[in-house]
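In the numbering used here, the protein residues as written are 960 to 1028.
The structure appears below as structure tokens.
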């Protein structure tokens, strides 16, 4: 539920499917770059940006408290 909530927090991002393709479909950066018709570096930057957003949600104080209480 916590992971779903975190994923929902970034779902409106135009590069959201980078997360799905990379982590759930095991696609390579080159394949994702071809899908978006962009450079592989663009895919990497957007993946990193979205992962940073997920970390903020997943590792917030409230989430940590919820997990361990």
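Don't be surprised by glycine CBs; every beta carbon is placed ideally from N, CA and C.
Predicted, not measured: the structure shown is a model, and the values here were computed from it.
Host alpha helix (DSSP H) of residue i (start-end)
| i | result |
| --- | --- |
| residue 975 | 975-978 |
| residue 1012 | 999-1017 |
| residue 982 | No alpha helix (DSSP H) contains residue 982, which DSSP labels as neither H nor E. |
| residue 970 | Per DSSP, residue 970 belongs to no alpha helix (DSSP H) and is neither H nor E. |
| residue 990 | 988-995 |
Residue i classed as buried or exposed, judged by whether at least 16 other C-beta atoms fall within 10 angstroms
| i | result |
| --- | --- |
| residue 1005 | buried |
| residue 991 | buried |
| residue 978 | buried |
Spatially closest choice to residue i from the options, by CA coordinates
| i | options | result |
| --- | --- | --- |
| residue 983 | 966, 1008, 1024 and 1001 | 966 |
| residue 1002 | 973, 1020, 1019 and 1013 | 973 |
| residue 995 | 1008, 1027, 985 and 976 | 976 |
Within 9 Å, strictly: CB atoms of residue i and residue j
| i | j | result |
| --- | --- | --- |
| residue 1016 | residue 968 | yes |
| residue 1008 | residue 999 | no |
C-alpha distance - residue i paired with residue j, whole-angstrom precision
| i | j | result |
| --- | --- | --- |
| residue 1024 | residue 1013 | 17 Å |
| residue 980 | residue 964 | 18 Å |
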